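All remarks here apply to the structure that follows.
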Amino acid sequence: MSDLDRRLKEFVDRKGEVERFERFFSDPEKIALAVAGPTGRGKSLLRMKLVKKCTDDGIDYAVLVNTSDNFHDFRAILGCCHQKFGEEKFPRFTAALKTPVTAPVDVNLHTGNIRVLENAQISGSVGAVTGLILNNPQFNVSGLPTVTPMELRRKLTSEFLADLQSATVAAPLVVFLDAAEKLMPETLSWLWQTFVPALGEHEIRCVKIVFLSQIPPDANSDVDIYIERTELPPLDVPDIEEYLELKGCNKVLAPLMKQFTNGEPLAVVQQTELYKRGQSGQASP
Amino acid sequence: MSDSEDLLQFQRFMAATGPEGEDPLIAFLPPEEAYVARVCAIPHEFDAATIRAAIPDVPPETVAKTVEALSTSATVTPTASGFTMHDAVRHRLFATWFRKPEFAAINRRLADYYAHLVDAQTNGRRAVLERRRVFHLIGADPEQGLNAVIRLCAAARERFEFANCSSMLGLAHEYDSVLAAAERVALHYEEGKIAADLGNWRRATDLLRGIIDDSAAPAEFRVRALNRLGLVDDAQHHFELALDDFTAALKLATAAGIRKEIPAIAINISNALRDLGRIDDALKHLTTAIHEAELLGDEDAVAAARNAAGLIHYRRGEYEKAIANFSDVTSILFRRDRVVPLAGVQANLGLAYAGALRWTDSEAAFRKSLSVYQALGTSEPYARALSGLARTVFAQQRIEEALQIASAAEKAFADTHPLEAGTTARDCGRWLVAAERPDNARQRFRAAIDYFRTAGAATEVAVTERELSAVGGTTLPPVVRGCLWAVAIVGGLIVLIVILALVFDPN
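Those sequence lines, one after another, are chains H and E.
Residue numbers for the first sequence follow the working numbering, so the first one is 1 and each next one is one higher.
Residue numbers for the second sequence follow the working numbering, so the first one is 286 and each next one is one higher.
Spelled out as structure tokens, the structure:
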């Protein structure tokens, strides 16, 4: 049995969430499924269950799991689509990845020199002549990047969307963003204020995002029409009964377990394991 | 066992354990393996190789066995390159390490381990490994580790990698309970800077105000926080507030003898005074800044102060004085091989020469500036310098060249700076009017209006529409214009028919 199968064997309840995912996947209006729940609520296990479902149903998917020291940015999100759909579908995006956003412009200063305004009077006023001030040259900067991240983000996103609009894609790709509360604020604002609305406005429905996070996305009327929201509830007594049975424990313990753990899946798993091992006589070090 | 016996046993078990027990695998592992499992909670991601590097004295087979056992735990998730513990479990285990004598040594070995991996990487993963290195460096030696974090943050800020900075600072906070007060202040100060960089003024103000109001915070950080708060207020155009902050920073720096901060503060005071229109006072503070910077041998500060003085003279129309200041700055920067700021000052020099109507010098200065920006592919300053060059070239009556350069500037501005793109397009329109090419002029004016609308600059839209209508143009779309023409023609025909009907009325 694979590690994933073993983990999923212990998966109980969440039927509502799986059904919600099915509805979300087939709803052409929705682009993102936002699953919220505190730590230990079982978001990652739900993600594994949904990934398994995608595999079984032949749905293409990509998984991006964030950790405190390894988080994904907009490039990782666009990059996984780029990779899954195939580089050939993204000529503009691929080109933009390889070149600076603003390539130096070739300015030929020695052509087309037509002399006009021979007698023009140019005022000595600064504003009229130049209109340009470099207020604070960056004295503490030893070298500048080719472009700012803001420019890069904007450029790559627009090229990606342009490619995706003209690409023929057989079936949607599901991108799972797990532990998304660890994404940087700028990535989150890019996702909800730029990327998802742009997919919506351009009627691009070949990317579906499953966003699993301790913190739900902020309510925003412009983007909410594209988001299916759900909050993962704690386990209820029947779910705990099912779990206890799966683990070979007596299901009559479920109400007490619910009371003791508040139905938090992580606590249920840990306490069941401790209890089982205690019963089998293994000593705690 | 009957249900009631089971229940009773379970109740006893509940009474004996807390609601948040240890991970069951750790609780029931033999002592040596449990120790290894706890070590797995020190890094954010673990595998057998990492743990072997952390505790080389433990037999490799014990490490391998433990990692394998942990990998089956419901609280451990496989990743692309190893495993991660569930956050809640990891944090609990990690916190138990702080008082243990071997914690520093384990972290030192992990920092060295990641340092080797960093050296071997050239791609995007390098940043992840670098963060891991400094995270463990803090565990090994908080002062050394935090200094490394601050250094890396400074470098990342220069590359606008704010997410990288935030992540490093977030990792450093995992050690909060064992950091000294001054070290926590240093972290908050860095976070305040990042918040300001990101334009998150409220967060920046809260963080910096927290340091200023903390009487236990070292004076140097309070001075820097006051100075930074002034910049935050200044960026929001709260010049009076900014002036108060800078003045308080100067007072505290003087009282505490922190002289190295004085030139920067004096320059900021001068900028605030300049923005408040108190130009003479602004120049006085720049003189102080230059004097202090020269005493300290801080050539960067001398250059910054002279550049600020040059800008003031420029705004007052004192172009020769501005040229003198900017020229001094270029000498300093050239000597110090500070290529990028040198390009900025060359552009300023281009402006000042233009103000003095010294077009050839202006063009040469702009070209020097452009050569650097072009090599760097830097977009915004490059576009600004191009725009300045276009105007200088136009002033030398080479209109086709000027149009070509301005068009390049407009293109460079278009994506990110619609207001500047609009101004540049409008310049082209004006030059085309002067060249008696109204069709082309109308086209540029219309483009300018589109840019201004994108920028939400209503006044500029109105001004440009007036200029457009002066050359016989309109911003109405072609379909609407066609309809208006059709209505006018039909209306005219009706009037004509009525007149004819009246003229030829048989009655």
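Every residue, glycine too, gets a C-beta built ideally from N, C-alpha and C.
Keep in mind it's a predicted model, so treat the numbers as computed, not measured.
Item                                                                                                                                                                            : Value
When you compare the CB of S555 of chain E with every CB in chain H, is at least one pair closer than 8 Å?                                                                      : no
Is the shortest distance between the beta-carbon of D482 of chain E and the beta-carbons of chain H less than 8 Å?                                                              : no
Let's see if you can read the secondary structure: which residues bound the beta strand (DSSP E) around G367 of chain E?                                                        : 367-370
Give the DSSP bridge partners of N70 of chain H, in chain order.                                                                                                                : H:T67
Nearest CA to the CA of C206 of chain H: which residue from H:S221, H:L173, H:P185?                                                                                             : H:L173
My understanding is that I327 of chain E touches A319 of chain E, with C-beta atoms under 8 Å, so please give their C-beta distance in whole angstroms.                         : I327 of chain E to A319 of chain E, Cβ: 14 Å. No contact.
When the Cα atoms are used, what is the spatial distance from S555 of chain E to L535 of chain E?                                                                               : 12 Å
Could you list the residues in the stretch 50-81 of chain H with a C-beta less than 7 Å from some C-beta on chain E, going in chain order?                                      : V65, T67, S68, D69, N70, F71, D73
Please decide whether G143 of chain H counts as near chain E, where near means a Cβ-Cβ distance under 8 Å.                                                                      : Residue placement at G143 of chain H is poorly supported in this model, since its pLDDT is 34, which falls under 50; the coordinates still yield a value, given next. Yes, its Cβ sits closer than 8 Å to a Cβ of chain E.
If you follow the beta strand (DSSP E) that D178 of chain H is part of, which residue opens it and which one closes it?                                                         : 173-178
Take A489 of chain E and list the residues in its own chain whose beta-carbon comes closer than 7 Å to its own, dropping the five residues that flank it on each side.          : G477, A480, A481, V517
Please report the distance separating the alpha-carbon of P238 of chain H from that of L45 of chain H.                                                                          : 18 Å
Consult DSSP for T793 of chain E and reduce its assignment to one of helix, strand or coil.                                                                                     : Outside the displayed range of chain E (286 to 792) lies residue 793 of chain E, so it cannot be described from this structure.
Along chain H, which residues have their Cβ under 7 Å away from the Cβ of D461 of chain E?                                                                                      : What D461 of chain E touches in chain H: nothing, since even the nearest Cβ is about 14 Å away.
Please list, in chain order, the chain H residues whose beta carbon lies closer than 9 Å to that of R715 of chain E.                                                            : Correct list: empty, because the minimum Cβ distance to chain H is about 10 Å.
Mind checking if D291 of chain E is an interface residue toward chain H, Cβ cutoff 8 Å exclusive?                                                                               : yes
Between Q259 of chain H and Q294 of chain E, what straight-line distance do the alpha-carbon atoms span, to the nearest angstrom?                                               : 16 Å
Have a look at H:L274, H:I227, H:D218, H:P233 and flag the residue whose alpha-carbon is nearest the alpha-carbon of L244 of chain H.                                           : H:L274
As an exercise, report each continuous beta strand (DSSP E) stretch of at least 3 residues that is fully enclosed by the stretch 26-67 of chain H, in chain order.              : 32-36, 60-65
Indicate whether at least one CB of chain E lies closer than 8 Å to the CB of I133 of chain H.                                                                                  : Confidence is the limiting factor: at I133 of chain H the pLDDT is only 34, short of 50, which leaves the residue's position unreliable and the question unanswerable from this model.
Could you work out which residues of chain E lie near K155 of chain H, taking near to mean beta carbons separated by less than 8 Å?                                             : D700
Since E231 of chain H sits in a beta bridge, which residues does DSSP pair it with?                                                                                             : H:A36
Taking 8 Å as the threshold (beta carbon to beta carbon), is T362 of chain E in contact with chain H?                                                                           : yes
Just to make sure I have the definition right: I need the residues of chain H whose C-beta is within less than 8 Å of the C-beta of E745 of chain E. Which are they?            : Under the 8 Å cutoff, chain H gives no residues; its nearest Cβ is about 12 Å from E745 of chain E.
When you compare the stretch 59-66 of chain H with the stretch 169-184 of chain H, are there three or more beta-carbon pairs, one atom per stretch, that lie closer than 8 Å?   : yes
Quick check for students: name the residue ranges of the alpha helix (DSSP H) that lie wholly in the stretch 674-756 of chain E, counting only runs of 4 or more.               : 684-699, 703-719, 723-740, 743-755
Kindly indicate if chain H contains any beta-carbon less than 8 Å away from that of R377 of chain E.                                                                            : no
Can you look up S672 of chain E in the DSSP assignment and give me helix, strand or coil?                                                                                       : helix
Hey, quick one: how far does the alpha helix (DSSP H) through T211 of chain H stretch, first residue to last?                                                                   : The residue asked about is misnamed: residue 211 of chain H is Phe in this sequence, not Thr. Careful: F211 of chain H lies outside any alpha helix (DSSP H), inside the beta strand (DSSP E) at 207-213.
Near N113 of chain H, which residues of its chain fall below 6 Å by C-beta distance, leaving aside the five closest residues on each side in sequence?                          : Here the model assigns N113 of chain H a pLDDT of 27, short of 50, so the residue's position is not dependable and the matter cannot be decided.
Taking only three categories from DSSP, how would you classify S289 of chain E?                                                                                                 : helix
Mind checking if G248 of chain H is an interface residue toward chain C, Cβ cutoff 8 Å exclusive?                                                                               : Going by chain labels, chain C is absent from the structure shown, which instead holds the protein chains H and E.
Just to confirm my understanding: we take A726 of chain E, look at its own chain, exclude 5 residues before and 5 after, and list those with CB closer than 6 Å. What are they? : G714, L717, V718, V756
If you measure from the beta carbon of R417 of chain E to each beta carbon in chain H, is any gap under 8 Å?                                                                    : yes
Within 8 Å (strictly less), CB to CB, does S44 of chain H reach chain E?                                                                                                        : yes
Count the other CB atoms within 10 Å of the CB of P234 of chain H; is the residue buried (16 or more) or exposed (fewer)?                                                       : buried
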